[in-house]
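Have a look at the structure below before the remarks.
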Amino acid sequence: VTTVHRLRAPGMKWFRLPLFVWSLYATAWIQILATPILGITILLVIIERFFGVGIFDPAKGGDPLLFQHLFWIYSHPAVYIMILPAMGVVSEIIPTFARRTIFGYRQIAFSSLAIAGIGYLVWGHHMFTSGMSDTARYIFSLFTFFVAVPSGIKVFNWVATLYKGSISPDTPFLYALSFIFLFSIGGLTGLVNAALATNVHIHDTYFVVGHFHYTMFGGAAFGFFGALHYWFPKMFGRMYNERFAKLSWLVLFIGFNTLFFPMFILGWQGMPRRYYDYLPQFQTWHLISTIGSWLLAAGIILLFTNLIRSLSKGEKATGNPWGGATLEWQISSPPPPENFEEIPLVEHGPYEFGRKI
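In structure tokens, the structure reads:
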């Protein structure tokens, strides 16, 4: 947070910051404000265990629901700690490979801050069946719908950026496109969880497992893989095998959907989560899901095999292999220890292609 406020390059005004920096800025505020709650909760558990004070244990006069509240007050914002950086990555990749200035820069920037802010107010939707007043459940349900709005703004602006763009379907772009598709499914199924009327029926079923993984793996992990391929030439000065990279993406994408989409169907059919055994009626979808898990594992192995091999055998990377417009692409690959010989002067926004910094 302090770095963003105090150590920006000359001319790097707030609305000239790359959107990846905006996402990290919002993430940092979540970490600052939410992580102490986790520390306090752990401290209370230690006090209860070592000194016998009844805080959470009902046998000692404590309240187990208090632990659930404290846990989710931290743990739901923690979801955004993982997903916001991935959103920032997509905001970098999409304009670079569409060769277009990002659509709605300020809206995407402010939506990151909105997610960080509203994300503190929705923890109760994890506890609709734990026991709380109807009024509290209505309020938590409403705020959960609210937090979907800034995510929807991001998805709309990413898709609008692609409109009439000169798209280069390189591997980082494929991961970014996959992120948009998979995260949208995760977000839409999240609205099913947000609605009180449906949540009480699918709570603790495989539907929740499917939703979580479409959001976290389909979102955060695919965002990470996209970032890895996007900045790999800059970090290591080597290009990876593009055909191998696209093959690993395809196997990953097919494997992921084969693994996790059946979980939505299992959840609707009433399959509870956290059970190692299940009724015969769930066998077929579990078998399909298992096949998907092997495909997903194969895709991850292919991905890292390609990248590790490219560290020594990949072609030398130029300073700007993707034609990016942000500061890191204005120096050689990998960057020299000092980064820039002189502190750069920023004169325009981060996605104005064809102009020098």
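Under the numbering used here, the first residue of the sequence shown is numbered 35, with each subsequent residue one higher.
Even for Gly, the Cβ is constructed at its ideal location relative to N, Cα and C.
Report the rounded CA-to-CA distance for residue i versus residue j, giving the unit in angstroms.
| i | j | result |
| --- | --- | --- |
| A68 | E349 | 44 angstroms |
| D238 | R307 | 6 angstroms |
| V55 | Y309 | 41 angstroms |
| A143 | S218 | 19 angstroms |
| T249 | A112 | 13 angstroms |
| N373 | D168 | 56 angstroms |
| A93 | I115 | 35 angstroms |
| P370 | D204 | 26 angstroms |
| W319 | F338 | 29 angstroms |
| G18 | I66 | Since the first and last residues shown for the chain are 35 and 391, residue 18 lies out of range. |
| E362 | H39 | 19 angstroms |
| A43 | L53 | 15 angstroms |
| I77 | F85 | Correcting the residue identity first, residue 77 is Leu in this sequence and not Ile. Approximately 12 angstroms between the Cα atoms of the pair. |
| L177 | P378 | The amino acid occupying residue 177 in the given sequence is Phe; Leu does not appear at that position. Between F177 and P378, the C-alpha separation is close to 42 angstroms. |
| K188 | R133 | 18 angstroms |
| F246 | G221 | 9 angstroms |
| F179 | R343 | 45 angstroms |
| L196 | N291 | 24 angstroms |
| P98 | G353 | 56 angstroms |
| A194 | I128 | 10 angstroms |
| V124 | I81 | 43 angstroms |
| T130 | S185 | 21 angstroms |
| H103 | L147 | 23 angstroms |
| S327 | I334 | 11 angstroms |
May I ask you to list the residues that DSSP assigns as paired with residue i?
| i | result |
| --- | --- |
| T239 | P306 |
| R272 | K350 |
Just tell me which of the options has its CA closest to the CA of residue i.
| i | options | result |
| --- | --- | --- |
| W192 | L147, A229 and M121 | M121 |
| P46 | E386, H382 and F387 | First, the residue type needs correcting, since residue 46 is Met and not Pro in the sequence shown. The candidate whose alpha carbon is nearest that of M46 is H382. |
| V156 | G86, L225 and F258 | L225 |
| Y385 | G95, I64, G138 and F101 | G138 |
| I299 | V242, Q102 and A331 | V242 |
| Y209 | S175, G253, F190 and G186 | G253 |
| I100 | V124, V87, I117 and T75 | The residue asked about is misnamed: residue 100 is Leu in this sequence, not Ile. Per the Cα distances, T75. |
| Y154 | F174, T36 and I365 | F174 |
| A279 | L262, K268 and F295 | L262 |
| S212 | L286, I201 and V183 | L286 |
| G158 | V183, I201 and Y108 | Y108 |
| V380 | T232, A359, L216 and S367 | A359 |
| M166 | K268, V234, A332 and S346 | V234 |
| Q141 | S57, F215 and A332 | S57 |
| G260 | S327, L341, F295 and T135 | L341 |
| S282 | G301, L321 and L329 | L329 |
Please state the DSSP three-state secondary structure of residue i.
| i | result |
| --- | --- |
| R26 | Within the shown structure, residues of the chain are numbered from 35 to 391, placing residue 26 beyond reach of any answer. |
| P355 | coil |
| P370 | coil |
| I152 | helix |
| Y172 | helix |
| R133 | coil |
| K25 | Because the chain is modelled from 35 through 391, residue 25 falls outside the range shown and cannot be assessed. |
| M166 | coil |
| E126 | helix |
| M121 | helix |
| T292 | helix |
| S200 | coil |
| A254 | helix |
| L361 | helix |
| V285 | helix |
| Y385 | coil |
| M116 | helix |
| V234 | helix |
| V226 | helix |
| G45 | coil |
| V380 | coil |
| F190 | helix |
| P70 | helix |
According to the neighbour-count rule (16 or more other Cβ atoms, all chains shown, within 10 Å of its Cβ), is residue i buried or exposed?
| i | result |
| --- | --- |
| L313 | exposed |
| G357 | exposed |
| F256 | buried |
| L293 | buried |
| T163 | exposed |
| Y172 | exposed |
| G70 | Looking at the sequence shown, residue 70 is not Gly but Pro. Exposed: under 16 other Cβ atoms inside 10 Å. |
| K198 | exposed |
| R272 | buried |
| E376 | exposed |
| A150 | buried |
| V181 | buried |
| T5 | This structure leaves residue 5 out entirely; the chain is present only between 35 and 391. |
| A170 | exposed |
| G289 | buried |
| E276 | exposed |
| F266 | buried |
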